[in-house]
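**Student:** Before we start, here is the structure in question, set down as structure tokens.
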Amino acid sequence: MPPESQRVLLVFHLAGQLAAIPLAEVESIAPMAHLARPPGLPSPMEGILNLAGKAVPVWRLDRLLQLPELPLGLYSMLIVLKGISDCRTAMLVDRVSEILSVPESALLPVGANDSFNACAEAEVSVKEQTIHLLSPERILLKQERAALAEFQTMAQRRLQDWEPAKQ
């Protein structure tokens, strides 16, 4: 019998709960940094991160999921995602705790109607704690992804306007 396939997850804390996303959806993890906060940001957006000259919209997962909002702290982290929209985005979480490999059979499916936009795919119990596996593709609605892309485009133009002219 072939070995059971594993899912590799990035586990993080959010409003006193444990959640995870597939590690394959993560581009990088960065400590909380100074964010630009242009006027008119929608409430789920925390700001724009300048990541090596690239504007990255940062959104708060706790606000999107309407969870209690904890103050930003020393261990607040930015999870830069890939493939979630037409632009690179980052979600702000309370802290990142570990990378975890779990067998597919340990994942208990969550019903499509049991979470907003079916963003919770499954749950897994580890060390007597429940971890909610989220789908980065379904956390944001299509309109929210479009708005993030628009903010990213505007912020990128502003960053480029301030770059010194190339000789």
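Counted from 1, the sequence shown has number 914 at position 60 by the numbering used here; the numbering is strictly sequential. In this text, a Cβ means the ideal position worked out from N, Cα and C, and glycines have one as well. Predicted model, so just to flag it, every value in this text is computed and none were measured.
(1) Leaving out five residues on either side along the sequence, give the residues of the same chain with a beta carbon under 8 Å from the beta carbon of glutamate 923.
(2) What runs of the beta strand (DSSP E), each 3 residues or longer, lie entirely inside the stretch 907–987?
(3) What does a CB cutoff of less than 6 Å around leucine 921 pick up in its chain, not counting 5 residues either side in sequence?
(4) Can you round the beta-carbon distance between phenylalanine 866 and valine 950 to whole angstroms, since I take them to be within the 8 Å contact cut?
(5) Grab the span of the beta strand (DSSP E) containing proline 885 for me, first residue to last.
(6) Can you give me the C-alpha to C-alpha distance between alanine 874 and methionine 1008, rounded to a whole angstrom?
(7) What is the DSSP secondary structure of glutamine 1021, counted as helix, strand or coil?
(8) Would you mind stating whether glutamate 1004 and serine 989 have Cβ atoms separated by less than 8 Å?
(9) Once DSSP output is grouped into helix, strand and coil, what is the label at arginine 891?
(10) Output the distance between the C-alpha atoms of tryptophan 1016 and valine 862, rounded to the nearest integer angstrom.
(11) From which residue to which residue does the beta strand (DSSP E) around glutamate 900 run?
(12) What is the DSSP secondary structure of alanine 869, counted as helix, strand or coil?
**Tutor:** Concretely, from the data shown:
(1) Excluding the 5 residues flanking it on each side, glutamate 923 has same chain C-beta neighbours closer than 8 Å at Ala869, Arg914, Asp916 and Arg917, in chain order.
(2) 908–914, 931–935, 943–947, 949–957 and 974–980
(3) Ala869
(4) 5 Å
(5) 880–885
(6) 30 Å
(7) Any answer about glutamine 1021 is weak, because its pLDDT of 48 lies below 50 and its placement is not dependable; what the coordinates show is given next. In the structure shown, glutamine 1021 sits in coil (DSSP, three-state: anything other than H, G, I, E or B).
(8) no
(9) coil
(10) 40 Å
(11) 899–905
(12) coil
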